[in-house]
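Novice:
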Amino acid sequence: MNLDIVILAAGKGTRMNSNIPKVLHRIGGDSMLGHVLSAARKLESKQIHIVVGYGSQQIIDEFSVDKDLQWAQQDKQLGTGHAVMQAMPSINTTEPDKRVLVLYGDVPLTNSSTLSKLVQQGSANTLSILTLVTANPAGLGRIVRDDLGEITAIVEEKDASEEQKQIKEINTGIMVIPAAKLNTWLNSLGNDNAQGEYYLTDVVAMAAADSDCAISAMVIDDENEVQGVNDKAQLARLERQFQMNNAEQLLKAGVLLRDPSRIDIRGEIETGSDVEIDINAIFEGKVSLGNGVKIGANVVIKDSKIADNAIILPGTNIDGAEIGAGASVGPYARIRPGTVLKENTKIGNFVETKNVIFGKGSKANHLAYIGDAEVGENVNIGAGTIFCNYDGVNKHKSIIGNNVFVGSNSVLVAPVNLADNTFVAAGSSVNRDVPSDNLAVARAKQRNVPGWKRPIKK
Ligand code: UD1
Ligand code: MG
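Residue numbers (the working numbering): 23 to 480.
(1) In this structure, does DSSP put Pro111 in helix, strand or coil?
(2) Helix, strand or coil for Met23, going by three-state DSSP, please let me know.
(3) Here's the rule: buried if 16 or more other CB atoms are within 10 angstroms of the residue's CB, otherwise exposed. What is Trp207?
(4) Does DSSP classify Arg358 as helix, strand or coil?
(5) Under 8 Å, with one C-beta from each stretch per pair, do the stretch 334 to 350 and the stretch 362 to 371 reach the 3-pair mark?
(6) Looking only at its own chain, which residues have a Cβ that is under 6 Å from the Cβ of Gln96, when we skip the five neighbours before and after it?
(7) Could you tell me the distance, in whole angstroms, from the CA atom of Ala231 to the CA atom of Thr116?
(8) Are the CB atoms of Ile299 and Arg288 nearer to each other than 8 Å?
(9) Start and end of the beta strand (DSSP E) containing Phe483?
(10) Over the uninterrupted alpha helix (DSSP H) stretch that includes Leu260, give me the two end residues.
(11) Cα-Cα, which of Asn331, Pro472, His47 and Val322 is closest to Ser297?
(12) So the candidates are Asn209, Ile29, Lys89 and Asn158; which of them puts its Cα closest to the Cα of Leu137?
(13) Among all the DSSP beta bridges, which residues are the ones paired with Pro200?
(14) Counting C-beta neighbours from all protein chains within 10 Å, is the total for Ile293 16 or more, i.e. buried, or is it exposed?
(15) Find the nearest neighbour of Ala182 within the set Ala201, Leu170, Ala255 and Ala160, judged by alpha-carbon distance.
(16) Going by C-alpha to C-alpha distance, which of Gly127, Ser40, Gly77 and Met38 sits closest to His71?
(17) By DSSP's criteria, Thr148 is part of a beta bridge. Which residues make up the other side?
(18) Any heavy atom of the ligand UD1 within a distance shorter than 7 Å of the CB on His104?
(19) Starting from Lys419, trace the beta strand (DSSP E) in both directions and tell me its first and last residue.
(20) Return yes when at least one heavy atom of the ligand UD1 lies under 7 Å from the C-beta of Ala61, else no.
(21) Between which two residues does the beta strand (DSSP E) holding Leu434 run?
(22) In chain order, what residues of the same chain have a beta carbon less than 7 Å from the beta carbon of Val177, not counting five sequence neighbours either side?
(23) Taking DSSP as the reference, what is the three-state secondary structure of Asn12?
(24) Report yes if the CB atom of Glu66 is closer than 8 Å to the CB atom of Leu25, and no otherwise.
(25) For Ile478, does the count of other Cβ atoms within 10 angstroms reach 16, so buried, or fall short, so exposed?
(26) Taking 7 Å as the cut-off, is the CB of Glu290 close to at least one heavy atom of the ligand UD1?
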């Protein structure tokens, strides 16, 4: 297959009421253009071209890692036909079987399987159009057919007669066009129409007049796949649609969702068997949930791996972490990047961890900060314990052995090592290493003042 893809993304999107170029607005964590690109990449195309105009530098910067893209600049938005023209110089129209698939950067939810079908159904001499039959065709280009049902033209609503306005079959904008013919047709496009624009849709009448070119339409069933975004309300609607699609996939895979309408996936999620997810969970980036994992309400997990049978309790935030099998985290825990919780660990409410390896069976049940540390197995970190990892300039590390007990409200001033089986008395401020099997008491001795009189109000 000899296919080039042109994605139109030059429009400003005035109705978005935003300084961000329209196609950079996000659905499920990825930009609309990102979604279109993902679908496009699944097709076997020779080259993807993107036509940009408004905010072009911002868009190009956003995709700077994608070195394979061919950018075309459209300085003035003179219409969809004019936009495609900007990409033509970098398309080899001398190849007789070359075709061009036109996509819109603001139509984010088209399945690649739909595009692939559209491309497959035509030959090198077919212009294929993806159309939709809708009760509400307002504002869209109408598909004009003759008595035999053959497509003869697309007429934009603003140019349509009253009779044509009654047509319910509309142009989604997605088309596959033979490249050499497209090039010729674009060169003869005029802008003598209601909007004074160079309409890409005008090539359809030219194709109808060309005895060497067939026209075929593929009518799509799912309106959401071809829905464009012009304002924030449409963006929000497609976001819900996208999330509903995600939820359905998870349900199909056997995940128990307490409410499929209250889950957000902004990236990729992998799930094992018998996973349960309560309401309002948000998953960002790459997340994997092992078998039997339970996710509580209002949990946010980003770029993390949760191993088998771990339980994440409500209100917990996990970012860039590995949670071991059988671990219990939360409620209201904050697990920050570089955290590795080994098997059967327990992190309770209002505990924050960062850059820490937390050994098998170890616990920090409440109110603690554990940062830049290696913690051994079966360690107990008491409530209110703080790892002082930062001296205001540099970060330092704490190393805690196995079976260590750190009493409540202790401060471990890094760098510091607590060897195996050490015990830190509650309220200690530890800034020297503790050898194994020692008790460290690092607090002022208690003094009792007999007969102490409380102050009285003057
Ligand atoms: C277009 C179609 C219409 C179709 C509708 C589907 C034409 C003339 N009309 O109309 O038949 O029913 O889409 O949504 O093609 N763009 C550029 N440069 C331009 C103009 C547009 O890059 O100069 C891009 C826009 O950013 C957008 C896409 O092309 O991504 C479509 O443009 P838009 O203005 O929305 O076209 P419509 O008038 O809606
Ligand atoms: Mg539009």
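Glycine included, each C-beta is placed from N, C-alpha and C at the ideal position.
Specialist: Here's the rundown:
(1) Of the three classes helix, strand and coil, the one that applies to Pro111 here is helix, per DSSP.
(2) Coil, per DSSP.
(3) That one is buried.
(4) Residue state, collapsed to three classes: coil.
(5) Contact holds: three or more Cβ-Cβ distances are below 8 Å.
(6) Result list for Gln96: Ala32, Val73, Gly75, Ala105 and Gln108, in chain order.
(7) Between Ala231 and Thr116, the C-alpha separation is close to 22 Å.
(8) No, they are not a contact pair.
(9) Only positions 23 to 480 of the chain appear in this structure, which leaves residue 483 out of reach.
(10) Counting along the chain, the alpha helix (DSSP H) containing Leu260 begins and ends at Lys254 to Lys274.
(11) This sequence places Val at residue 297; Ser is not what is there. Distance from the Cα of Val297 is smallest, within the candidate group Asn331, Pro472, His47 and Val322, for Asn331.
(12) The residue among Asn209, Ile29, Lys89 and Asn158 with its C-alpha nearest the C-alpha of Leu137 is Ile29.
(13) Beta-bridge pairing by DSSP links Pro200 to Arg121.
(14) Strictly speaking, residue 293 in this sequence is Thr, with Ile absent from that position. By the neighbour-count rule (16 or more Cβ atoms within 10 Å), Thr293 is buried.
(15) For Ala182, the nearest C-alpha among the options comes from Ala160.
(16) Scanning Gly127, Ser40, Gly77 and Met38 for the CA closest to the CA of His71 turns up Gly127.
(17) In DSSP, Thr148 forms a bridge with Ala236.
(18) Yes - the ligand UD1 has a heavy atom lying nearer than 7 Å to the Cβ of His104.
(19) Boundaries for Lys419: no beta strand (DSSP E) harbours it, and the DSSP string shows neither H nor E there.
(20) In this structure, Ala61 has its CB at a distance of at least 7 Å from all heavy atoms of the ligand UD1.
(21) Segment Val433 to Val435, the beta strand (DSSP E) holding Leu434.
(22) Around Val177, the same chain offers Gly163, Arg164, Val166 and Gln186 as residues with beta carbons nearer than 7 Å, after the five sequence neighbours per side are excluded.
(23) Coverage of the chain is limited to positions 23 through 480, which leaves residue 12 absent and any answer about it impossible.
(24) It is a contact, given that the beta carbons lie within the stated cut-off.
(25) It counts as exposed.
(26) Glu290: no, Cβ never under 7 Å from the ligand UD1.
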